[in-house]
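**Q** Okay, here's the structure, questions in a sec.
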Amino acid sequence: MTITNFSLGGDLPVRRLGFGAMRLAMGTFDGPSRPAESGIAVLRRAVELGVNHIDTAGFYGRGEVRANDLIRTALAPYRDDLVIATKVGPLPGPTGAPSEQATPGQLRGLVEADLRALGLDRLDLVYLRVGGMAGPGGESIADRFAALAELRSQGLIRHLGVSNVDGAQLAEARGIAPVAAVQNRHSGDRGLLAECEQAGIAYVPYFPLGGGAQRLDADRLGVVAARLGATAAQVAIAALLAASPSVLAIPGTGSLDHLEENLAAGNLDLTDQDLVDLRG
């Protein structure tokens with residue numbers, strides 16, 4: 156990986172290999188909670204290893220264990236170079252999973268809740284997370300994004316992002332306020348990635364190591380991993396970073412061992428042949 160940094164919104168430099176906080180409190184949205192102490196240890200070790208971009212959300216949690224609380228306990232007072240990105244939009248449904256969507260009028264409360272939980276006066280980056288676990292598209296996001304843009308103008312948010320969107324929704328958002336980052340499921344949407352790269356927008360794939368109904372191509376990854384003496388997860392992360400200088404990888408884990416493995420992928424250099432083999 157020859158380019159290691161990216162400037163979010165043009166003024167927040169972050170390392171392109173960051174950390175996703177979803178699995179700190181739970182393995183899955185319907186699974187049991189993890190011990191808070193393990194999440195705190197993972198966060199502190201991540202920052203020790205150079206992570207300065209943490210992706211979180213108020214709905215990342217299970218029971219009394221909440222990712223934002225863990226972040227504040229582990230890392231506050233925060234280092235000056237630490238960038239914390241969060242997401243608003245989803246609300247708990249009947250099962251407790253974040254399956255409902257907030258109205259424009261409810262977004263201020265969600266942003267203020269994140270500010271309180273994280274112990275911040277301003278959030279570095281807030282994504283409007285659209286829809287559920289299905290693919291993006293099919294609805295207007297203008298009213299909700301405009302509500303976040305108003306909070307940005309009031310100084311509660313530094314930069315805005317959108318998550319789980321298609322090209323039309325991104326264009327709709329950009330017509331309202333600057334978009335610093337797009338966070339979509341890792342699916343190889345080259346068109347949207349190219350648009351972000353041209354515009355200086357970060358592209359942040361979620362589930363970068365597989366998740367939900369999506370699985371990585373273990374056979375192709377295994378061939379390259381064996382050749383490099385690496386793990387398949389490390390090759391997957393390195394391939395994401397090689398896809399574009401605008402890509403930010405945010406693999407998450409609740410395990411110290413997996414954390415060390417994931418972050419070591421930043422030192423993995425893929426050759427042209429490796430990339431050809433991964434594309435198949």
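Using the numbering used here, read the sequence shown as starting at 156 and increasing by one per residue. Backbone N, C-alpha and C define an ideal beta-carbon position, used for all residues, glycine too. Note that the coordinates shown come from a computational prediction; the quantities given were computed from them, not determined experimentally.
So, helix, strand or coil for Ser193, using DSSP?
**A** Taking the sequence shown and counting its residues from 1, one reaches residue 193 at position 38. Helix, per DSSP.
**Q** Ends of the beta strand (DSSP E) at Ile239?
**A** Indexing the sequence shown from 1 puts residue 239 at position 84. Per DSSP, Ile239 belongs to the beta strand (DSSP E) from Val238 to Val243.
**Q** Near Glu350, what residues of its chain come up, given a Cβ to Cβ distance below 8 Å and the 5 sequence neighbours on each side ignored?
**A** Sequence index remark: in the sequence shown, residue 350 carries index 195 (1-based). Same-chain partners within the cutoff: Gly322, Leu325 and Ile356.
**Q** Judging by CA-CA distance, which residue of Ala252, Ala419, Gly310 and Val378 is the nearest neighbour of Arg277?
**A** Along the sequence shown, one-based indexing puts residue 277 at 122. When Ala252, Ala419, Gly310 and Val378 are compared, the shortest CA-CA separation from Arg277 is found for Gly310.
**Q** What residues in its chain sit with their C-beta under 7 Å from that of Ser162, if we drop five residues either side in the sequence?
**A** Within the sequence shown, numbered from 1, the residue matching residue 162 stands at position 7. Excluding sequence neighbours, Ser162 sits near Pro168.
**Q** Quick one: any contact between the segment 201-211 and the segment 225-239, if contact means 3 or more CB pairs under 8 Å?
**A** yes
**Q** May I ask you to report which of helix, strand or coil DSSP gives Ile405?
**A** For the purposes of this step, residue 405 is taken as residue 250 along the sequence shown, with counting starting at 1. In the structure shown, Ile405 sits in coil (DSSP, three-state: anything other than H, G, I, E or B).
**Q** Comparing alpha-carbon positions, which option in Glu415, Ala398 and Pro406 lies nearest Asp427?
**A** Position 272 of the sequence shown, counted from the first residue, corresponds to residue 427. Closest option to Asp427, Cα to Cα, is Ala398.
**Q** In angstroms with no decimal places, state the Cα-to-Cα distance between Leu262 and Leu204.
**A** What you label residue 262 is simply residue 107 of the sequence shown in a count that begins at 1. What you label residue 204 is simply residue 49 of the sequence shown in a count that begins at 1. When rounded, the distance between both Cα atoms is 34 Å.
**Q** Looking only at its own chain, which residues have a Cβ that is under 8 Å from the Cβ of Asp235, when we skip the five neighbours before and after it?
**A** What you label residue 235 is simply residue 80 of the sequence shown in a count that begins at 1. Excluding positions up to five away in sequence, the list is empty.
**Q** What three-state label does DSSP hand Phe300 in the structure shown?
**A** Your numbering for residue 300 matches position 145 in the sequence shown. Reduced to three states, the DSSP call for Phe300 is helix.
**Q** From what residue to what residue does the beta strand (DSSP E) around Arg284 run?
**A** For the purposes of this step, residue 284 is taken as the residue at position 129 of the sequence shown. In this chain, the beta strand (DSSP E) harbouring Arg284 covers Leu278 to Arg284.
**Q** Considering Cα atoms alone, identify which of Ala387, Leu396, Tyr361 and Ile195 is closest to Glu352.
**A** In the sequence shown, residue 352 corresponds to position 197, counting from 1. Considering only alpha carbons, the answer is Leu396.
**Q** Leaving out five residues before and five after Arg382 in sequence, what residues of the same chain have Cβ atoms less than 8 Å from its Cβ?
**A** As a first step, residue 382 must be located in the sequence shown, where it is residue number 227. Answer for Arg382: Asp429, listed in chain order.
**Q** Counting along the chain, where does the alpha helix (DSSP H) carrying Gly264 start and finish?
**A** On the sequence shown, residue 264 is found 109 positions in, with the first residue counted as 1. From DSSP, the alpha helix (DSSP H) with Gly264 extends over Leu262 to Leu273.
**Q** First and last residue of the beta strand (DSSP E) that includes Gly346?
**A** For the purposes of this step, residue 346 is taken as residue 191 along the sequence shown, with counting starting at 1. Unbroken run through Gly346 is the alpha helix (DSSP H), Arg345 to Ala354; no beta strand (DSSP E).
**Q** Please say whether Leu273 and Val317 have beta carbons closer to each other than 7 Å?
**A** Reading the sequence shown from its first residue, position 162 is the one you call residue 317. Reading the sequence shown from its first residue, position 118 is the one you call residue 273. Taking 7 Å as the Cβ cut-off, Val317 and Leu273 do not qualify as a contacting pair.
**Q** When burial is assigned at 16 or more other CB atoms within 10 Å of the CB, is Ile158 buried or exposed?
**A** By one-based count along the sequence shown, residue 158 stands at place 3. With fewer than 16 Cβ atoms within 10 Å of its Cβ, Ile158 is classed as exposed.
**Q** Terminal residues of the continuous alpha helix (DSSP H) containing Ala391?
**A** Reading the sequence shown from its first residue, position 236 is the one you call residue 391. Its alpha helix (DSSP H) spans residues Ala387 to Ala398.
**Q** Closest by CA to Pro245, which one among Arg227, Leu275 and Val285?
**A** Here residue 245 corresponds to residue number 90 of the sequence shown, with the count starting at 1. Ranking Arg227, Leu275 and Val285 by Cα distance to Pro245 puts Val285 first.
**Q** Using a Cβ-Cβ cutoff of less than 8 Å, which residues in the same chain neighbour Ala201 once the five nearest sequence positions on both sides are dropped?
**A** Within the sequence shown, residue 201 is the residue found at index 46, counting from 1. Cβ neighbours of Ala201 beyond the five flanking positions: Phe174, Ile209, Leu414 and Leu418.
**Q** According to DSSP, what are the bridge partners of Arg217?
**A** On the sequence shown, position 62 is the one that residue 217 refers to. As DSSP reads the structure, Arg217 sits in a beta bridge with Val220.
**Q** How would you label Ala368, buried or exposed, when you count the other beta carbons within 10 angstroms and need 16 or more for buried?
**A** Taking the first residue of the sequence shown as 1, we reach residue 368 at position 213. Confidence is the limiting factor: at Ala368 the pLDDT is only 42, short of 50, which leaves the residue's position unreliable, though a coordinate-based value still follows. Under this definition Ala368 is an exposed residue.
**Q** Straight-line CA distance for Gly213 to Leu306?
**A** Here residue 213 refers to the residue found at position 58 when the sequence shown is read from its first residue. Here residue 306 refers to the residue found at position 151 when the sequence shown is read from its first residue. Whole-angstrom Cα-Cα distance: 17 Å.
**Q** CB Asp279 to CB Arg313, shorter than 7 Å?
**A** Taking the first residue of the sequence shown as 1, we reach residue 279 at position 124. Taking the first residue of the sequence shown as 1, we reach residue 313 at position 158. In this structure, Arg313 lies closer than 7 Å to Asp279 by Cβ.
**Q** Classify Asn422 as helix, strand or coil using the three-state DSSP reduction.
**A** Along the sequence shown, one-based indexing puts residue 422 at 267. Reduced to three states, the DSSP call for Asn422 is helix.
**Q** Closest to Ala420 by C-alpha separation, out of Pro360, Ala196, Asp298 and Gln389, would be which residue?
**A** In the sequence shown, counting from the first residue as 1, residue 420 sits at position 265. Answer by Cα proximity: Gln389.
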